[in-house]
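Counting from 1, position 277 in the sequence shown corresponds to residue 277 in full-length UniProt numbering; the numbering is continuous, with no gaps.
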Amino acid sequence: MISKVLIANRGEIAARVIRTSKKMGIETVAVYSEADENAPFVKMADESYLIGPSRVNESYLHVDKILSIATQSGADAIHPGYGFLSENGRFAEKCEEAGITFIGPSSKVMDMMGSKIEARKVMKQANVPIVPGTEEAIETPEEAVELAKQIGYPIMLKASAGGGGIGMQVVNSDEELRKAFDNNAKRAKSFFGDGAMFLEKKIDDARHIEIQVLADKFGNVIHLFERECSIQRRNQKVIEEAPSPFLSETTRRKMGNAAIEAAKAIGYTNAGTIEFLVDEKEHFYFLEMNTRIQVEHPVTEEITGIDIVEQQIHIANGQKLSISQDDLEIKGHAIEARIYAEDPKTFFPSPGYISTFDIPMGKNIRLESAVTSNYQVTPFYDPMISKLIVKGATRKEAIELLIDTLAKTTIGGIKTNVPILLDIARHEAFQSGKTTTKFIETYFSPVKRN
């Protein structure tokens with residue numbers, strides 16, 4: 001059984017894992033870069049170790065340093081959080097070789113799903129609907145243009161190993177595709193070590209809806225319903241909610257069953273998320289699988305009462321799921337707003353010194369934060385500094401609580417996206433549930449806000 005866990009991550013997710021681990025009586029080890037020396041998660045852990053300079057390739061992405069600290073501290077498990085090494089099959093494999101429990105799926109499954117091209121093939125074989133597109137990596141811009149003519153514009157040019165919108169671009173013509181291909185391939189190679197590209201048909205007016213799954217090592221798989229994640233900028237999520245205000249009960253059941261079948265088809269274990277695009281007629285298409293915990297997992301926890309991190313640890317310990325699908329039901333409505341240190345007019349990062357950080361707490365309000373007052377936000381990492389999660393008996397109640405809480409929030413010293421979060425929550429289209437992936441582009445693009 002796991003007795004000491006090292007969290008190979010930082011910020012709010014490190015704090016989140018530490019909190020549940022302590023609740024379970026498990027000792028915790030934090031690793032931190034020079035930039036994070038005074039971060040709250042460092043103080044929360046039972047032990048903390050400096051891992052290296054601020055840049056990620058010298059700290060949070062340095063596999064050998066992390067494993068060395070795990071051995072030095074006596075940690076028998078590693079939780080990767082999200083981002084960084086969380087979907088790196090080689091890291092999971094090296095944990096396995098070192099006799100350290102990796103709290104996630106096997107390296108083999110992770111590698112399979114880490115390649116979006118391979119994932120599309122597997123899902124097609126499992127009869128999970130996929131977006132029309134290419135089946136193999138594309139080598140040259142001219143090859144891409146020929147294939148694009150068969151699929152039809154507009155098209156999504158995507159990096160097979162990509163994530164967070166990196167290496168992804170909408171293209172509308174042969175000329176745009178030629179210009180975009182090499183730049184996106186180089187960017188993907190730089191960020192992920194893999195520049196393989198592929199094409200997918202762009203589905204207009206789509207929604208981004210994902211299904212949370214849990215799978216143990218005995219073949220038991222359940223889903224914890226869906227999350228609506230359509231409100232995005234730069235292909236990164238801004239507001240998520242559970243359940244989706246759009247899905248019918250019939251489609252909810254079909255998507256849940258498809259996610260379970262997808263997980264079973266690859267022999268998946270631990271927590272994972274199957275992401276779908278859903279069109280206006282509720283036809284859904286596999287987008288990708290995230291083989292880790294998601295940033296937006298708290299909204300699922302709020303409507304199900306399930307601690308997903310706790311379940312991850314139980315599964316890693318070799319325990320059977322203690323919950324069946326029939327045990328689960330949706331209770332209320334939850335919304336998460338990601339608070340970014342960024343200019344709300346341009347969406348550009350805005351690092352700096354936080355003089356005041358005051359988010360009012362109360363019933364049905366949950367805060368997952370990486371920062372406090374008198375804290376320096378550095379330019380080295382993702383600009384998300386906190387997540388505000390609210391819950392109501394109904395979606396209307398949750399929205400009202402979100403608006404009230406955001407309106408009373410004070411973050412001084414840096415620019416944040418709180419103003420745009422408030423505008424979104426107050427917008428008629430959001431309140432009526434009309435939230436496609438074009439939402440911010442339509443109502444809140446930098447051009448429209450200047």
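Glycine included, every Cβ here is placed at the ideal spot set by N, Cα and C. The structure displayed is predicted, hence computed values, not measured ones.
query	result
His62 versus Phe91, Ala75 and Asn38, residue with shortest Cα-Cα distance	Phe91
In chain order, each alpha helix (DSSP H) run of at least 4 residues that lies wholly inside the segment 248–295	249–265
Segment limits, beta strand (DSSP E) that includes Val390	Met384 to Gly392
Proximity below 8 Å, CB of Glu261 to CB of Val145	no
Within 8 Å, strictly: CB atoms of Asn290 and Glu275	yes
Neighbourhood of Asn450 by C-beta distance below 7 Å, restricted to the same chain and skipping five residues each side	Unreliable placement is indicated for Asn450, whose pLDDT of 47 sits below 50; the coordinate value is still reported in the next sentence. Taken in chain order, the residues that qualify are Lys345.
Sequence-distant residues of the same chain with beta carbon closer than 7 Å to Asp327, five excluded per side	none
Contact under 8 Å by Cβ, Ala39 with Arg10	yes
Residue environment, Val447, which counts as buried when at least 16 other CB atoms sit within 10 Å	Bear in mind that a pLDDT of 49 at Val447, under 50, signals an unreliable position, so the model cannot answer this.
Proximity below 8 Å, CB of Ser54 to CB of Ser33	yes
Sequence-distant residues of the same chain with beta carbon closer than 7 Å to Ser48, five excluded per side	Ala30, Tyr32 and Val42
3 or more residues per run - each beta strand (DSSP E) lying fully within the segment 106–149	none
Between the CA atoms of Glu288 and Pro245 - distance to the nearest angstrom	22 Å
CA nearest to the CA of Glu282, picked from Leu247, Glu428 and Phe84	Leu247
Pick from Ser160, Pro154, Ala126 and Met123 that is closest to Ile138, judged by C-alpha positions	Ser160
Three-state secondary structure (DSSP) of Leu177	helix
At least three beta-carbon pairs within less than 8 Å, the segment 354–366 to the segment 403–412	yes
For Arg55, three-class secondary structure by DSSP	coil
Residues bridged to Ile335 [DSSP beta-bridge criterion]	Glu241 and Val390
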